[in-house]
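A.B. asks:
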Amino acid sequence: LTICPATHTNCTDGPCLLAQHFCDGEADCPDGEDERGCSDCHIQPVFVDWLEFCNCPGRYAPLQFKCAKGGQCISFAKVCDCYDDCEDGSDELCHPTYCKEKRFQGSTGGYCIPLNHVCDGVEDCPFGSDEFNC
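End of the sequence shown = 163 in the working numbering, gap-free, step of one.
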């Protein structure tokens, strides 16, 4: 058994994981034990026929983003991060006000990344617009 730091919990036969990875809707332990015994999510409407959240009481972050078409529930940390975590890409259709102060919005629109990812030598946005004019 691996001894983990206080901020982590270990998988039975694998790595140490941050506590936030248990019951986050994504299996991180080799056998998926970090997702067993987690309570189900319930839909929480925000704007009818437009935006719904997932209320997942047993998860590390109980309020989550609901993907538009598949109904998958993902952490808000995965919304507007330049990676399609929803099958339909709805987590990357971001409003410009989200990008306002501490984020950069790519030239294709929708994608927002942290400012420290701009001109860092890694193309995070489609077509590499975060690395233009550096």
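Cβ atoms here follow ideal geometry from the backbone N, Cα and C, with glycine treated the same way.
CB Cys45 to CB Cys58, shorter than 7 Å?
C.D. replies: Not in contact: Cys45 and Cys58 (Cβ atoms no closer than 7 Å).
A.B. asks: Quick one: give me the first and last residue of the beta strand (DSSP E) that Leu144 is part of.
C.D. replies: Run containing Leu144: none; DSSP gives neither H nor E here.
A.B. asks: Between the Cα of Leu47 and the Cα atoms of Ala56, Cys40, Thr36 and Asp159, which residue gives the shortest distance?
C.D. replies: Taking only the C-alpha atoms, the option nearest Leu47 is Thr36.
A.B. asks: In terms of alpha-carbon separation, which member of Thr41, Cys109, Lys98 and Asp110 lies closest to Glu116?
C.D. replies: Cα-wise, what sits closest to Glu116 is Lys98.
A.B. asks: Does the Cβ of Gln73 have 16 or more other Cβ atoms within 10 Å, making it buried, or fewer, making it exposed?
C.D. replies: So Gln73 ends up on the exposed side.
A.B. asks: Buried or exposed: where does His71 fall if 16 or more other Cβ atoms within 10 Å of its Cβ makes it buried?
C.D. replies: Burial call: exposed.
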